[in-house]
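Q:
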Amino acid sequence: MTIKKDRDNTIKMYQGDTGRIRFKGFKTDKNYLISFVIYNSKRKIISEIKIYTEKQDYITVNITQDISNKLTVAPNLSYETYYYGIKKNNIDTKTEDTMTIGNSKFGEQNKFIVFALKAEGI
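The sequence shown begins at 1025 in my numbering and counts up one residue at a time.
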């Protein structure tokens, strides 16, 4: 499992690896549906993961091999930059809010950097 979230909330991992990322700061008054979305520089969605908060103040996002294999790196590059976002969906009112991560400012994108595959597995 090689995945890292920096202080600026940039996520880094190797293509094809798996891992878990935790995000904190959710309200615990009700059960929210959280959408974690990874997209490319052209705003095309690569993957969307939906998680219920279960009235906890955090969620854990599991990046499976199926997801990380979609995050490709061109053969002539050492890494590729993708982006991610988080939406909080209120099930009762059917509203959704885009969340800012950490100290990010309105309109900033959250980076998800994928490094080239280092070795093939079995």
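Each residue gets a CB set at the ideal place from its N, CA and C atoms; glycine is no exception.
Quick check on S1092: buried or exposed, where buried means 16 or more other Cβ atoms within 10 Å of its Cβ?
A: S1092 comes out buried.
Q: For I1091, does the three-state DSSP call read helix, strand or coil?
A: Note: I1091 maps to helix in three-state DSSP.
Q: By alpha-carbon positions, which one of D1081, Q1089, S1102 and T1096 ends up nearest to Y1063?
A: Of the candidates D1081, Q1089, S1102 and T1096, the one whose C-alpha sits nearest the C-alpha of Y1063 is T1096.
Q: Per DSSP, what kind of secondary structure is V1097 in: helix, strand or coil?
A: Correct three-state label for V1097: coil.
Q: Measure the CB-CB distance between N1134 and Y1108 and report whether it falls below 8 Å.
A: Contact: yes.
Q: If the criterion is Cβ atoms closer than 8 Å, does the pair Q1089 and G1040 meet it?
A: Cβ atoms of Q1089 and G1040: closer than 8 Å.
Q: Below 7 Å CB to CB, which residues in the same chain sit around T1042 once its five sequence neighbours on both sides are set aside?
A: Taken in chain order, the residues that qualify are M1025, I1087, T1088, Q1089 and S1092.
Q: Looking at N1055: is its Cβ nearer than 8 Å to the Cβ of T1077?
A: Cβ atoms of N1055 and T1077: closer than 8 Å.
Q: How is S1071 classed by DSSP in three states: helix, strand or coil?
A: DSSP places S1071 in strand when its eight states are reduced to three.
Q: Measuring only the C-alpha atoms, how far is K1068 from A1098?
A: Spanning the two alpha carbons is a distance of roughly 17 Å.
Q: Determine the DSSP secondary structure at T1084, reduced to helix, strand or coil.
A: DSSP places T1084 in strand when its eight states are reduced to three.
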